[in-house]
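Student:
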C-alpha cells in the first residue's frame with residue numbers, strides 16, 4: 080500500500096527484485112496523499128491527505144476509508160471529516176482503535192469497531208491553547224504498540240509525551 084502523493088497505490092512485492100503495480104485509486108479533492116494504515120483484518124485502509132485542509136479541499140480533518148478486499152479495485156467507502164480543521168499527519172491502528180497525530184489538534188483516538196464509521200474515543204492536545212487550524216505545529220507522530228499500553232506522542236516543539244489510555248465512565 081502506497082500513499083503516493085496523488086492517489087492510493089497498491090503493489091505486489093512478492094518478488095522483491097521485481098515489484099509490480101496492482102491498482103491505483105484516485106479520490107476527490109486530493110492535495111497530498113501522505114500516509115495510511117490497514118485495519119487489523121486487512122479489509123480497510125485508512126488514508127491521510129496531509130495538505131487537503133490547507134488547500135481548502137475539506138471543511139475539517141479528513142480521513143479516507145478504503146475497502147481493499149479486492150486489491151484490483153479499492154473502493155472509497157467514506158470520507159470521514161472531523162469537527163476540527165487541523166492537518167492530519169500519521170495514523171496507526173491497534174485493535175479497534177485508530178491513533179491519529181493531527182498536528183495542532185494533537186493525538187486523536189477513534190473507535191473503528193464499525194470500520195466505515197469512526198467514533199471519537201479520546202484525545203490529547205500537545206499544543207495547549209492553540210486553535211485547531213491547518214498547519215505544521217504539534218503532534219507529528221505516535222506509537223501505540225507497546226505491550227504496556229503506553230502511547231508515545233511526538234510534538235514538534237513541545238517534545239515527547241508518554242501516555243496511557245484511561246477508561247472513564249460518564250456520569251449522567
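Numbering (my numbering), first residue to last: 80 to 251.
Where a beta carbon is used, it is the ideal one built from N, C-alpha and C, also for glycine.
Small disclaimer: the values here were computed from a predicted structure and weren't measured.
1. Please report the Cβ distance between residue 169 and residue 209, rounded to the nearest whole angstrom; I am assuming they are in contact, meaning their Cβ atoms lie under 8 Å.
2. Our contact map puts residue 240 next to residue 203 with C-beta atoms below 8 Å; I'd like the distance itself, whole angstroms only.
3. For residue 198 and residue 187, I'd like the C-alpha separation in whole angstroms.
4. Based on Cα-Cα distance, which residue from 194, 224, 211 and 231 lies nearest to residue 155?
5. If you follow the beta strand (DSSP E) that residue 146 is in, where does it begin and where does it stop?
6. What residue range does the alpha helix (DSSP H) around residue 132 cover?
7. Whose C-beta lies closer than 7 Å to the C-beta of residue 223 among residues of the same chain, with five residues either side of it excluded?
8. If you measure between the beta carbons of residue 175 and residue 140, is that distance less than 7 Å?
9. Starting from residue 125, trace the beta strand (DSSP E) in both directions and tell me its first and last residue.
10. Could you please give the first and the last residue of the uninterrupted beta strand (DSSP E) stretch that includes residue 234?
11. Looking at C-alpha atoms only, which residue of 129, 226 and 87 is the closest neighbour of residue 215?
12. Kindly list the residues whose CB is nearer than 6 Å to the CB of residue 99, restricted to its own chain and excluding five residues on each side of it in sequence; keep chain order.
13. Express the C-alpha separation of residue 200 and residue 189 in angstroms, rounding to a whole number.
14. I need the DSSP call for residue 168, collapsed to helix, strand or coil.
Tutor: Taking the definition as stated:
1. A Cβ-Cβ distance of about 19 Å is found for the pair residue 169 and residue 209, leaving them out of contact under the 8 Å criterion.
2. Yes, they are in contact, since the Cβ atoms of residue 240 and residue 203 sit about 7 Å apart, within 8 Å.
3. 10 Å
4. 194
5. 141 to 146
6. Where residue 132 is concerned, the enclosing alpha helix (DSSP H) stretches over 131 to 134.
7. 171, 173, 178 and 230
8. no
9. That run of the beta strand (DSSP E) goes 123 to 128.
10. For residue 234, the enclosing beta strand (DSSP E) starts and ends at 229 to 234.
11. 129
12. 91
13. 5 Å
14. Looking at residue 168 - three-state DSSP - the assignment turns out to be coil, as it is neither helix nor strand.
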